[in-house]
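Following: one structure in structure tokens, then a few remarks.
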Amino acid sequence: MLFSSIASFVLAGVTGRPSQHAGISDRLQPTVESARARAHPIFRAINNAGRQWGSAMNHNGFSFFPAIIPAGTVMYHGSRSEEAPKTFEWLAFEIEHAEGFAIDVDFVPPRDPKKGDEDKAKGKDMSAAQKILRRSNNTEDDGKWRNKPGYVQTHQATKDLHVLYIDGMSAGKTNMGTMDAELYVLYGKKNEHFEDGEFTRAKVICDLLQEWGYDGYVRMEVGFEYVHCDFSKDLQLISSLAVYSRKGVVSDSSMVFFQWTRAVAEDYDGIGSDRLKIDYSSVISGLFYPLNITTMDPERPDLMRLATAGMHDLQKLKTEVELMARQPRRFTADWQAVTDAIVRRWANRLAFMTSDDISEAYLVDEFEAASRTYISAPEPKDSKAPLDPKHLEEAVSRCIAHHILPATFQKPQWSREDELIAAALEVVMSDICTVILESYNALRAAVEKDVSQGSDASALHVSKVVEKAHQDVKNLGAALGWSQWKQVRRCPPGELMFTVMWPFGNNEDYYNPGCQPIEKINSGRDNYFRSHFPGGHGPGKLPGRND
């Protein structure tokens, strides 16, 4: 890893600052070493917080974020009662999520034309999924679970609600580790088979969080949900609307799960800070601490788990969550915005660079375009020579520091947690910048060597370096593991969803915009604006700043 005074400015004072509450011998202390060793999971945790897609792709959470649900936020509750709850209960951020606990329909099993009614005859219907989601044990006489007709209530926050957000898919009732943070840290019992039930656990956790000063807690399943710990205050019931019974609906309800998931899919990129404002500067994460969080499943080495650390150490982590809860909210640095800027800068570029379809020429072009932002070209500027070690180190350090600048602006106000996040992000940027700039420098050296030896089209040495650089950038992508790469792309790598952007764009780009390959995006793509240039400028003679 390469460092310089520019890059190390980011972390100045981190290792030397005494930890909060130092002197308490049994305190679990975070370490910069842990943050650096788990840099990529920390980056993903920050980037995925409050986002359905990323939290689903990284469903085992490790972090507790203090957050605020702003006054005026509207949420929904599915209930069998027309009246508002009296104590604690669940609220959904999306209407269809709440409707899932109020509607009264027979859920239609998936239709398999090859099997006909065979599965239905065997009792293989959708009730299993509903049983996982239900919060009561009521069943019909035939043993099948079925909601009684209920109400969908609309509630509005009358003040800023102080909440604890548990990241990952923390409401997912699985044995994969999705609920480790709730069970091992907050609830204090393994409850491996969820024998205590949702209401029992929610009461214990609400009693705990209210003592710490929270109004409730936020989790995610098929949608984000908020457990409000006392419905007698801080919420206003706006409406409570009855739903039809199963005999009153006119559809076969086969789209119930589609309607539900379509609604929450709108939150793939986030439920928005207007509904959940997360205090990244106050996060307590198991990723910061020297805990054993390796997988428990040898077939899934990717599934790190808090539970591996054991109840004893995780109850010490609970103390850290409590101490943070009793501190004022900070909101010092928007670390998610920092990670977003990094993803915007690199995700599409790296997707193309790691593609097996990229040509050698395009790969070289990508390395050069990605590198030149951080290089101060030495004399002579028409030389193809590689950078010397000093200039290369400066370029890498410049690249590392560049993306963290928005957060370092508030560095005098940084918390311990800000410093730990910065340590992790520096490692991530070091991995990116080192691969990109060292590969580019190797390409420059190969080009210079081929030119000096008179090789045709710089083929010999460059091709070997390109092959290695391509593999290095593939390894980089695997280490980063960004969830954005698992989404269906608008366009293939190497193409762009293109519309008119003056002075560029053809008529088709306005009337029927779509994906365009690299070779079609050039200065000649301008016929939409061509006849409307002021002063009679035609194609190839675009007006400049001084025209």
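Numbered by mature numbering (1 follows the signal peptide of the UniProt record, and there is no 0), the letters in the sequence shown go through residues -16 to -1, 1 to 531 in order. Glycine residues also receive a C-beta, built at the ideal position from the N, C-alpha and C atoms. From a predicted model like this one, the values you see are computed outputs, not experimental measurements.
Cβ separation of residue i and residue j, assumed to be a contact under 8 Å, to the nearest whole Å
i	j	result
A391	A406	7 Å
P50	D263	5 Å
F46	G270	4 Å
Y168	A291	6 Å
A354	R333	6 Å
Q500	F482	4 Å
G465	R11	Contact flag wrong, Cβ pair sits at about 31 Å.
S18	F208	Actually they are not in contact, since the Cβ atoms of S18 and F208 sit about 28 Å apart, beyond 8 Å.
F72	K187	7 Å
D456	S423	6 Å
A141	A55	5 Å
V147	D199	6 Å
E83	V248	The pair is not a contact, with the Cβ atoms about 12 Å apart (cut-off 8 Å).
G197	R310	7 Å
residue 551	V136	Any property of residue 551 remains undetermined from this structure, which presents the chain solely from -16 to 531.
N31	V327	7 Å
Status (buried if at least 16 other CB within 10 Å, exposed otherwise) for residue i
i	result
N39	Strictly speaking, residue 39 in this sequence is Ser, with Asn absent from that position. Buried is the call here.
K261	buried
N425	buried
Y210	buried
K99	Low per-residue confidence applies at K99: pLDDT is 47, beneath 50, and the placement is therefore not dependable, though the value from the model is reported in the following sentence. Exposed: under 16 other Cβ atoms inside 10 Å.
A76	buried
V234	exposed
P14	buried
V267	buried
R185	buried
E195	exposed
Q222	Sequence check: residue 222 is Ile here, not Gln. That one is exposed.
W244	buried
Y228	exposed
W486	exposed
F242	exposed
M239	exposed
R428	buried
T278	exposed
L444	exposed
Residue i - DSSP class collapsed to helix/strand/coil
i	result
A391	helix
V411	helix
K128	At K128 the pLDDT is 49, less than 50, meaning the model places this residue with poor confidence; the figure from the coordinates comes in the next sentence. If DSSP states are grouped into helix, strand and coil, K128 belongs with coil.
F517	coil
R259	coil
C383	helix
V435	helix
L148	strand
Q500	strand
H177	coil
Y494	helix
I268	strand
L75	strand
V206	coil
I53	strand
Y252	coil
V472	coil
V16	helix
V211	strand
Y168	helix
Y424	helix
S(-12)	Below a pLDDT of 50, predicted positions are generally treated as unreliable, and S(-12), at 41, falls in that range; the measurement from the model is reported next regardless. Three-state result, S(-12): helix.
S229	coil
Where the alpha helix (DSSP H) through residue i begins and ends
i	result
C190	181 to 196
F241	240 to 249
Q137	It is not in any alpha helix (DSSP H) - Q137 instead sits in the beta strand (DSSP E) that spans 135 to 141.
E451	444 to 464
Min CB distance residue i to chain B below 9 Å
i	result
A462	Reference to chain B is not applicable here, since this structure consists of a single protein chain.
The beta strand (DSSP E) enclosing residue i, as first and last residue numbers
i	result
S223	219 to 226
A86	That residue, A86, is in no beta strand (DSSP E); it is neither H nor E in DSSP.
S63	58 to 63
L480	479 to 482
Practice task
Ignoring anything shorter than 4 residues or poking outside the segment 20 to 51, list the alpha helix (DSSP H) runs there in chain order.
Solution key: 23 to 32, 36 to 41
Problem - Those runs of the alpha helix (DSSP H) which lie wholly inside the segment 335 to 374 and span at least 4 residues - result: 344 to 355
Problem - Unbroken stretches of the alpha helix (DSSP H), 4 residues or longer, contained in the segment 270 to 329 - result: 295 to 309
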